[in-house]
Each structure stands twice: as C-alpha cells, then as structure tokens.
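Residues in the sequence shown are numbered from 139 upward in steps of one, following the working numbering.
Backbone N, C-alpha and C fix where the C-beta goes; we use that ideal spot for every residue, glycine too.
Note that the structure is a prediction, hence the values are computed from the model and not measured.
For reference, the structure discussed in these notes is given below.
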Amino acid sequence: MAAVPKLALSRMTIEECLDWPGDGSRQKFELIDGEPRAMAPASITHGVIQATLARLLGNHLAGSGCYVVVEPGVIPRVRSEANMRVPDLAVSCETDDRGLRALTQPSLVVEILSPSNEAETRENVWAYTTISTVREILLIRSTRVAAELIRREADGSWPANSQPIGPDAVLVLESLDYSCPLAVIYENTHLSRSASGG
139 MAAVPKLALS RMTIEECLDW PGDGSRQKFE LIDGEPRAMA PASITHGVIQ
189 ATLARLLGNH LAGSGCYVVV EPGVIPRVRS EANMRVPDLA VSCETDDRGL
239 RALTQPSLVV EILSPSNEAE TRENVWAYTT ISTVREILLI RSTRVAAELI
289 RREADGSWPA NSQPIGPDAV LVLESLDYSC PLAVIYENTH LSRSASGG
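Structural data, given as structure tokens:
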C-alpha cells in the first residue's frame with residue numbers, strides 16, 4: 139500500500155474523507171481509524187470476478203428492492219466517525235439511497251482476496267461484523283477457485299471460523315436466498331480455463 143502524505147488534519151472524520159479530493163494520485167482510499175489508506179488497483183482476474191458476481195447478484199435481486207453496489211463506502215458501527223471501509227461489493231436494501239455517500243445497512247459484504255493486500259482485507263472483516271444488518275461476509279480468492287463464507291448465527295453472534303467453499307461446491311447466500319456453483323463466479327478468468335483443462 140502506498141503511503142499517504144501527511145495531511146493538514148492529523149485525523150479525518152468520515153465527512154472530511156468523503157469531501158477530500160485525494161492526494162493527486164487518483165488512487166482510491168478507505169478510512170482506517172481516521173487515516174486514509176490507499177487501495178492498490180485490482181488485477182484483471184479480480185475485476186472479472188467482481189463484475190461477474192455483481193451481475194449475477196444484480197440479476198437475482200432485480201425487482202426485490204435490494205441492490206448490489208460496487209466498491210461502496212461501508213461505515214462500521216464501532217468507531218464509525220473515523221472508519222469507512224471499501225469492500226468489493228455489498229448488497230443493501232436501504233430504501234432511500236439518494237444522497238447516500240456510504241452504506242450503513244448492508245446485508246452482505248463481499249471482499250476479493252488478492253495476495254498484495256490480503257492482510258488488510260481480512261482486517262476489514264471485524265469492522266463488517268459490527269454492523270447489525272450484515273448477515274454474511276463472503277471472501278473470494280483471486281488466485282484459485284475457492285472462497286470463505288462467514289454467516290451470522292441465529293443468536294446474532296459470529297462463528298469463530300469461516301466456512302470454506304471449494305471449487306466443486308455450491309455457494310449458498312442465505313441472506314439473499316441465492317445459490318450458484320462457485321465455479322460460475324470464475325467464468326471468463328484464467329482460473330476457470332485452468333480448472334476445465336483448457
């Protein structure tokens with residue numbers, strides 16, 4: 139991750155971050171404990187996975203009142219004044235999105251794990267668990283056909299470990315009443331062609 143030059147403000151609030159024009163590098167930033175953190179550009183494989191899943195979920199949700207957002211700002215409940223994470227995708231059913239600059243009530247959050255920033259991405263998971271509306275967090279690998287799903291328990295708690303999803307498994311998202319073979323998410327990537335022997 140690129141370092142951010144020292145700002146006039148030692149710490150930013152969410153509002154200041156949303157109004158901040160950036161540092162001139164045209165990079166995207168998320169806000170971690172009041173400090174902007176630059177986000178590395180996604181690989182082509184990462185981008186194809188993101189676009190495919192956004193399309194699949196968007197088609198599934200059409201007419202439901204819920205929608206998929208690509209790279210939204212998501213505000214956790216804990217330390218909400220100084221944190222805004224930016225997942226790859228989120229699903230929300232917030233009824234009035236006009237003027238929203240960040241989601242506060244997502245039901246599903248999706249992160250695509252890349253080798254260059256996996257540790258930082260996994261740091262975001264704790265923040266998502268503090269949002270009362272989040273029911274599932276999906277972590278998708280960008281280097282092999284595999285994923286992990288973390289689903290909130292019926293009592294509102296979170297499990298100690300994620301549920302692994304292998305290349306031949308079906309991904310089931312209970313929060314959306316949606317399922318598909320995990321391999322479908324990797325269509326049009328080199329990972330799909332490798333798995334099929336092509």
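- Rounded to the nearest whole angstrom, the CA to CA distance from V308 to V263 is 22 Å.
- As DSSP reads the structure, E154 sits in no beta bridge.
- One Cα belongs to L329, the other to S280, and the distance between them is close to 9 Å.
- Using a C-beta cut-off of 8 Å, the region 247-256 makes contact with the region 184-192, since at least three inter-stretch Cβ pairs fall below that distance.
- Taking C-beta atoms as the reference points, I152 and E219 count as a pair closer than 8 Å.
- Fully contained in the region 251-326 are the following alpha helix (DSSP H) runs of length 4 or more, in chain order: 256-267.
- Taking C-beta atoms as the reference points, S270 and R215 count as a pair closer than 8 Å.
- According to the DSSP assignment, V186 belongs to the alpha helix (DSSP H) that extends over 182-199.
- In the assembly as shown, T327 is a buried residue. Its beta-carbon has 16 or more other beta-carbons within 10 Å.
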